[in-house]
């Protein structure tokens with residue numbers, strides 16, 4: 001047994017009949033249209049009776065206004081202004097009885113109605129307003145019930161598609177069949193995900209979407225295009241767009257499109273849940289590979305192939321790590337999406353996964369890693385202000401050496417950020433002395449070396465010591481060129497000579513001892529790598 005049709009919970013009439021259809025009811029068989037024929041497609045959703053002169057304060061859009069002319073009997077000269085006011089308020093039509101209070105309608109009123117396409121209907125004197133109200137309202141309610149029943153039927157059909165495992169392609173196909181239109185499902189970036197309908201109509205629909213959306217049409221009128229958003233979890237996931245070359249899409253069809261958008265949201269959230277689980281499996285597996293816990297090379301290669309990855313060839317590891325001071329929670333998701341898209345474009349067999357604070361990619365060693373990083377950064381930069389630094393490893397001949405390559409890429413990303421600032425792209429082989437320092441696993445020994453070599457200058461607790469360390473760094477960088485150092489630091493020559501003397505009392509006679517200068521240079525480099 002079919003469930004009973006339920007009207008809108010607010011009791012609001014949201015569908016109606018056209019003025020032309022109203023003229024077809026039996027009680028209005030002798031009614032006559034005297035002006036405004038071009039407005040017969042206007043929609044009637046409610047009826048009202050004009051009993052007072054100030055009726056404008058009480059009318060509502062899509063009303064058919066009935067009157068005997070009694071309130072207008074003393075001011076027939078203002079009837080043309082009344083038509084303009086009623087049209088401005090969105091009324092559907094004005095139906096009037098003549099002979100009792102008004103003998104005829106002024107020519108100006110008829111001309112104004114024709115100009116505006118506002119129907120003026122002459123009612124027969126032997127028909128009561130109650131009969132008109134009853135019959136027209138019955139037709140409106142029947143139309144409302146039929147539209148809602150059709151929407152419920154469409155909703156059940158669409159839900160059945162999803163319950164049967166269908167995706168956006170199947171949803172689009174069902175809507176196209178229900179409405180006899182062409183349909184496209186579009187994501188938030190404007191990319192078409194699914195289409196249905198005749199090929200030539202789909203082509204027109206795609207062209208309209210590429211022009212940033214179909215043109216809008218006034219509610220209540222038939223249209224060629226319609227578009228409704230797909231919303232799920234408070235997020236905008238795209239839209240459902242329909243096209244009818246005959247321009248027959250009406251508000252009731254838009255209601256079915258809205259049902260389709262709700263079902264499409266279910267499909268999207270379901271797919272997101274599946275993608276989240278798959279992403280976790282991919283990330284867990286790649287993490288095990290990069291930490292040497294995934295088993296033999298043969299096992300790694302076989303499992304990687306199931307994900308569409310080729311790890312048996314020579315590859316390079318890239319690590320993209322978010323720079324500090326960004327909104328990490330939202331930026332990490334964008335970082336994964338941008339890198340995934342970049343890898344798919346440059347190396348479809350490459351592996352990519354997001355970890356808690358970074359994204360790791362394993363790509364063909366012959367690929368230009370800097371170009372891939374630039375591609376991902378370009379997409380990521382569309383939503384500032386977050387940035388990321390990228391590190392690239394040496395080529396890895398196979399799965400066995402991937403843990404070492406991962407360590408190299410991670411160090412390159414972090415050292416590159418320290419040397420060049422946020423957004424750096426660094427290759428492990430281009431780190432120079434920092435590459436050697438990064439390979440020292442005993443960081444406590446490195447920090448002990450810094451304290452022994454720099455003494456009080458190793459700490460930032462004292463502002464004067466930090467300033468002296470800056471002077472020492474520039475001196476060593478200019479190979480003890482006092483004049484150049486003074487110029488860079490904006491010091492007077494004698495001030496710099498005084499500082500050099502103070503540095504030598506703290507650190508030793510480094511101006512004459514090349515070995516001490518080497519130790520000081522290395523200590524400053526280690527200090528610069530603090531936190532890596």
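Numbering (the UniProt record's numbering), first residue to last: 1 to 532. We treat Cβ as the ideally placed atom computed from N, Cα and C, and that holds for glycine. Predicted, not measured: the structure shown is a model, and the values here were computed from it.
{"Query": "Burial state of residue 333 (16 or more Cβ within 10 Å)", "Result": "exposed"}
{"Query": "Inter-residue spacing [alpha-carbon to alpha-carbon] between residue 455 and residue 386", "Result": "37 Å"}
{"Query": "Through-space distance from residue 369 to residue 430, alpha-carbon basis", "Result": "14 Å"}
{"Query": "Three-state secondary structure assigned by DSSP to residue 48", "Result": "strand"}
{"Query": "Sub-8 Å separation of residue 64 and residue 83 beta-carbons", "Result": "no"}
{"Query": "DSSP beta-bridge partners of residue 230", "Result": "238"}
{"Query": "Simplified DSSP assignment, three categories, for residue 492", "Result": "coil"}
{"Query": "Segment contact, 8 Å Cβ cut-off, at least three pairs: the segment 412-420 with the segment 372-383", "Result": "no"}
{"Query": "Residue 66: first and last residue of the uninterrupted beta strand (DSSP E) it sits in", "Result": "63-67"}
{"Query": "Residue 304 burial status per 10 Å Cβ neighbour count (16 or more: buried)", "Result": "buried"}
{"Query": "Straight-line Cα distance separating residue 314 from residue 214", "Result": "The pLDDT assigned to residue 214 is 49, lower than 50, so where the model puts this residue is not dependable; a value taken from the coordinates is nonetheless given after this. The straight-line gap from Cα to Cα measures roughly 48 Å."}
{"Query": "Assigned exposure category for residue 52 - 16 Cβ within 10 Å defines buried", "Result": "exposed"}
{"Query": "Nearest candidate by alpha-carbon position, reference residue 390, set 375, 153, 400 and 403", "Result": "375"}
{"Query": "The segment 31-45 / the segment 87-101 touching (three or more Cβ pairs under 8 Å)", "Result": "yes"}
{"Query": "Boundaries (first-last residue) of the alpha helix (DSSP H) holding residue 132", "Result": "129-163"}
{"Query": "Residue 195 burial status per 10 Å Cβ neighbour count (16 or more: buried)", "Result": "buried"}
{"Query": "Beta-carbon contacts of residue 372 that lie in its chain and below 6 Å, excluding the five residues immediately before and after", "Result": "342 and 346"}
{"Query": "Cβ-Cβ distance between residue 23 and residue 33 below 8 Å", "Result": "yes"}
{"Query": "Spatial distance of residue 11 from residue 355 (CA atoms)", "Result": "Any reading at residue 11 must be qualified, since the residue scores a pLDDT of 40, below 50, and its modelled position is unreliable; no value is offered."}
{"Query": "Collapsed DSSP secondary structure at residue 358 in the structure displayed", "Result": "strand"}
{"Query": "For residue 480 and residue 512, the rounded distance between their alpha carbons", "Result": "10 Å"}
{"Query": "The segment 488-504 touching the segment 462-475, judged by at least three CB pairs closer than 8 Å", "Result": "yes"}
{"Query": "Residue range of the unbroken beta strand (DSSP E) whose run includes residue 315", "Result": "315-322"}
{"Query": "Close beta carbons around residue 294, own chain, < 6 Å, minus the five adjacent residues each side", "Result": "288 and 300"}
{"Query": "Beta-carbon contacts of residue 297 that lie in its chain and below 7 Å, excluding the five residues immediately before and after", "Result": "398, 399 and 400"}
{"Query": "At least 3 beta-carbon pairs within less than 8 Å: the segment 249-261 vs the segment 224-232", "Result": "yes"}
{"Query": "Cβ shell of residue 423 (< 6 Å), same chain only, five flanking positions each side left out", "Result": "387"}
{"Query": "Alpha helix (DSSP H) segment containing residue 184, residue limits", "Result": "Here residue 184 belongs to no alpha helix (DSSP H); instead the beta strand (DSSP E) covers 182-187."}
{"Query": "Simplified DSSP state of residue 252, which is helix, strand or coil", "Result": "helix"}
{"Query": "Selection from 118, 117 and 132 that minimises the alpha carbon distance to residue 124", "Result": "132"}
{"Query": "Reduced DSSP secondary structure (H/G/I, E/B, other) of residue 175", "Result": "helix"}
{"Query": "Exposure of residue 174, with buried meaning 16 or more beta-carbon neighbours within 10 Å", "Result": "buried"}
{"Query": "8 Å contact criterion, which residue 186 and residue 244 should meet: CB distance rounded", "Result": "No, residue 186 and residue 244 are not in contact; Cβ-Cβ is about 17 Å, not under 8 Å."}
{"Query": "Straight-line Cα distance separating residue 253 from residue 179", "Result": "7 Å"}
{"Query": "Sub-8 Å separation of residue 114 and residue 35 beta-carbons", "Result": "yes"}
{"Query": "Outcome for residue 219 when other beta-carbon atoms lying within 10 angstroms are tallied against a minimum of 16", "Result": "Low local confidence applies: a pLDDT of 47 at residue 219 is under 50, so the model's placement there is unreliable, with the coordinate-based value given in what follows. Burial call: exposed."}
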